[in-house]
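Using our numbering, you'd call the opening residue of the sequence shown number 21 and step up by one each time. One structure is given here, and the rest of the page talks about it.
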Amino acid sequence: MQCGTAPPRLGSMHLCSPTVGTSAARPCPHASASACSAHGRATRFKSALGLTHRCALPRGASPFQASQAPPRHPGMVMATPPEPGPGMAPPLNPGTDPGPAQDHTPLPSADLAPVSLWKIAAPLALALAVCNMDRICLSVAMVPLAAELQWAPARQGLVQSAFLWGYMATQLLGGWAADKYGGKTVLGWGIAWFSLSSLLLPLLAVTPLTRSLGLVLPAVLLTRFLVGLGEGVAMPAMISLVAQRVSPARSSAALGAAYTGFHSGNLLGLVLSPWLIARGGWRAPFLAFGAAGLPLLAAWAIVVPGRASGGAQRARRGAGAVRGHRLADLLGNSSVWAIIVATVVNHWGYFIYLNWMPTYFYRTLGLDLRSSSLLSMLPWAAMAGGASLAGGLAEMLLARGWPRRRMRCGIQSLAFLGPLVALAVLAGGGSRLSIPVAVGAMTAALGITSLGQAGFVGAVGDVAPAAAGKLFGLCNTFGTLAGVAGVQVAGIVAEKTGSFTLVFQITGALYILGTLVFNTWLNPEPQFA
């Protein structure tokens with residue numbers, strides 16, 4: 021929390037709050053809040069007598085040293101910060117790495133403390149698991165469905181992408197609504213919507229009536245579009261809920277747990293879908309996973325706490341953050357574009373893997389449907405493990421004194437550059453690859469990529485803690501558009517060339533580009549409140 025609250029009563033002593041790695045709050049010898057210049061920033065006064073001023077001292081600077089800085093007139097901003105005294109850390113300059121000693125992450129609000137992390141993370145993990153089960157079942161059911169309807173790969177890609185058009189359409193709306201009305205409410209409505217929509221495809225889209233009218237393809241496209249509309253609010257609502265109800269110190273752990281459930285949904289969908297198809301035909305997984313939404317919705321309503329109070333949300337804001345977050349303001353910020361580019365690159369690869377992996381194993385490696393689905397679950401298991409690891413890794417690096425920027429950029433670089441070797445193996449081997457090598461390479465690529473949950477995803481809450489849902493929705497809109505393009509490009513390339521080699525090569529090139537942009541432009545300080 022930055023200097024800027026009201027000064028204490030005359031003659032009283034205000035408190036200096038510690039930064040990371042220091043002890044508890046302690047009395048500060050400044051004569052008034054206006055004399056506190058530990059961070060080289062002017063204070064702004066409010067007419068609220070008796071409030072306690074709180075500020076953060078740089079590591080290694082004692083209250084006595086801080087008090088040697090010249091006092092400032094209330095409300096004035098000094099053009100040049102004062103020279104640091106002996107032993108004091110220099111003031112933070114814009115555009116520089118803050119370093120571990122100057123981590124300006126706000127202190128957790130008292131409104132956040134009573135909420136158990138797992139009252140947020142566990143229900144989110146379950147909701148996102150069911151969400152992805154509804155999503156991925158089509159990639160398995162597509163093999164018998166396409167055989168029944170005689171769809172070519174290009175048409176299959178069109179059907180797969182219909183979900184993404186709906187998914188993209190509600191990203192910004194879902195983020196705005198989650199920031200305004202709370203992530204619990206918005207995701208609850210999303211669960212109800214995508215569960216009911218999943219039931220429409222087997223019940224209404226592919227029927228004797230639609231066959232006789234030649235409307236099967238439009239009906240399937242519409243139902244998958246509707247599922248995408250409901251699931252499109254899930255991720256922005258999740259990000260907003262974590263930003264509103266989880267303290268900054270535990271946000272990486274909460275996101276890691278939520279993404280573990282997210283990727284576990286892919287795993288469960290790939291395991292259960294072939295089993296259900298073998299017993300009830302391609303319609304069975306849509307019916308089963310759609311029906312799972314009802315008990316999920318009941319549990320969600322009971323367990324998840326409501327929206328945080330205004331005080332809890334204000335605790336996440338930085339002193340230098342822009343008050344307000346118009347779309348134009350977001351798009352004019354370089355850190356936002358760093359996250360957008362990383363999201364685009366991540367989603368290009370992710371949606372190709374998600375939609376085409378069973379087909380890749382089926383066509384390229386010659387596996388049957390059940391074997392291709394079971395082997396496809398291994399990469400998603402690796403992603404679930406990687407997401408869980410990412411949260412713990414982020415907290416460990418911060419605890420060891422890594423600056424937040426170094427932590428975010430380092431983890432994201434690993435997430436993008438680590439899979440390049442695996443993609444080179446997949447691109448170079450083609451149909452000559454053995455099954456263990458192909459599955460191992462795909463597993464390594466996806467497992468390492470999932471570390472990005474503590475990279476570009478975690479940076480959303482850093483940059484815009486009070487507008488996390490809206491910012492994530494904006495980034496995910498761009499990312500989903502890239503996913504739509506990737507799914508369709510993969511289908512066209514597979515049909516024209518008979519392989520996925522070019523797809524893997526393009527994905528590798530994008531990973532390199534994303535790493536460069538993210539490391540150059542990201543500044544993970546609160547910039548929008």
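From the three backbone atoms N, C-alpha and C, an ideal C-beta is built for every residue, glycine too. Here the structure is a predicted model, which means the values were calculated and not measured.
So, helix, strand or coil for residue i, using DSSP?
i: Phe520; result: coil
Under a Cβ-count criterion, where at least 16 other Cβ atoms within 10 Å of its own Cβ denotes burial, should residue i be classed as buried or exposed?
i: Ala479; result: buried
i: Gly411; result: buried
i: Gly107; result: Caution is warranted here: a pLDDT of 43 is assigned to Gly107, below 50, making its placement in the model unreliable, and the coordinate value is therefore given only provisionally. Under this definition Gly107 is an exposed residue.
i: Leu184; result: buried
i: Leu466; result: buried
i: Pro238; result: exposed
i: Ile359; result: buried
i: Gly352; result: exposed
i: Leu165; result: buried
i: Glu168; result: exposed
i: Leu443; result: buried
i: Ala141; result: buried
i: Ala172; result: exposed
i: Ile526; result: buried
Rounded to the nearest angstrom, how far is the Cβ of residue i from that of residue j, given a contact under 8 Å?
i: Leu249; j: Gly186; result: 4 Å
i: Leu275; j: Val477; result: 6 Å
i: Gly289; j: Asn375; result: Not quite, the Cβ-Cβ distance comes to about 12 Å (not below 8 Å), so this is no contact.
i: Leu307; j: Gly208; result: Rounded, the Cβ-Cβ distance is 22 Å, inconsistent with contact.
i: Leu440; j: Tyr531; result: 6 Å
i: Pro378; j: Ser217; result: Their Cβ separation, rounded to whole angstroms, is 22 Å, which puts Pro378 and Ser217 out of contact at 8 Å.
i: Trp295; j: Ile211; result: About 24 Å; that fails the 8 Å criterion.
i: Ile259; j: Ala488; result: 5 Å
i: Ala180; j: Val507; result: Inspection of the sequence shows that residue 180 is occupied by Gln rather than by Ala. About 5 Å separates the two Cβ atoms, so the contact holds.
i: Ala182; j: Phe245; result: 5 Å
i: Arg12; j: Asp482; result: Because residue 12 is not part of the residues shown, which for the chain are 21 to 549, the question remains open.
i: Phe524; j: Ala447; result: 4 Å
i: Leu491; j: Leu350; result: 6 Å
i: Pro546; j: Pro485; result: 6 Å
Residue i to residue j, Cα distance in whole Å?
i: Ala335; j: Arg428; result: Residue confidence is low: Ala335 scores 49 on pLDDT, short of 50, so the model does not pin down where it sits. No coordinate-derived value is stated.
i: Pro315; j: Ile372; result: 31 Å
i: Arg303; j: Ser215; result: 14 Å
i: Pro256; j: Phe282; result: 13 Å
i: Cys157; j: Ser293; result: 6 Å
i: Val364; j: Leu221; result: 29 Å
i: Ser355; j: Gly234; result: 48 Å
i: Thr280; j: Ser232; result: 44 Å
i: Lys139; j: Pro268; result: 16 Å
i: Arg368; j: Thr227; result: Before going on, a small fix: residue 368 reads as Trp here, not Arg. Using only the alpha carbons, I get a separation of about 33 Å.
i: Ala174; j: Leu192; result: 29 Å
i: Ser391; j: Gln170; result: 22 Å
i: Gly475; j: Leu219; result: 35 Å
i: Ser272; j: Ala414; result: 7 Å
i: Val253; j: Gln473; result: 18 Å
i: Phe548; j: Ala510; result: 37 Å
i: Pro143; j: Ser519; result: 40 Å
i: Gly528; j: Ala362; result: 13 Å
i: Ser396; j: Asn286; result: 9 Å
i: Ala263; j: Arg327; result: 11 Å
i: Ala161; j: Trp357; result: 37 Å
i: Leu261; j: Asp154; result: 22 Å
i: Leu501; j: Met188; result: 7 Å
i: Ala145; j: Ala278; result: 4 Å
i: Ala225; j: Ala419; result: 53 Å
i: Ala312; j: Thr540; result: 44 Å
i: Gly493; j: Asp199; result: 11 Å
i: Thr497; j: Asn366; result: 13 Å
i: Thr463; j: Leu229; result: 42 Å
i: Met416; j: Gly430; result: 13 Å
i: Ile468; j: Ser284; result: 15 Å
i: Gly338; j: Val247; result: Residue placement at Gly338 cannot be trusted, given a pLDDT of 48 that sits under 50; the coordinates are not used to answer.
So with Cβ pairs under 8 Å, would you call residue i a contact of chain C?
i: Gly177; result: Among the chains in the structure shown there is no chain C, since it carries only a single protein chain.
| Does the pairing of the region 399 to 408 with the region 444 to 458 give three or more beta-carbon distances under 8 Å? | Counting Cβ pairs under 8 Å, fewer than three are found: no touch.
| request: Flag this pair as touching only if the region 420 to 439 and the region 394 to 401 have three or more C-beta atom pairs under 8 Å; answer yes or no. | output: A contact between stretches requires three or more CB pairs, one per stretch, nearer than 8 Å, and the region 420 to 439 fails this requirement with the region 394 to 401.
| field | Contact between the region 504 to 521 and the region 375 to 384 (3+ Cβ pairs under 8 Å) | value | Output reads yes: the region 375 to 384 touches the region 504 to 521.
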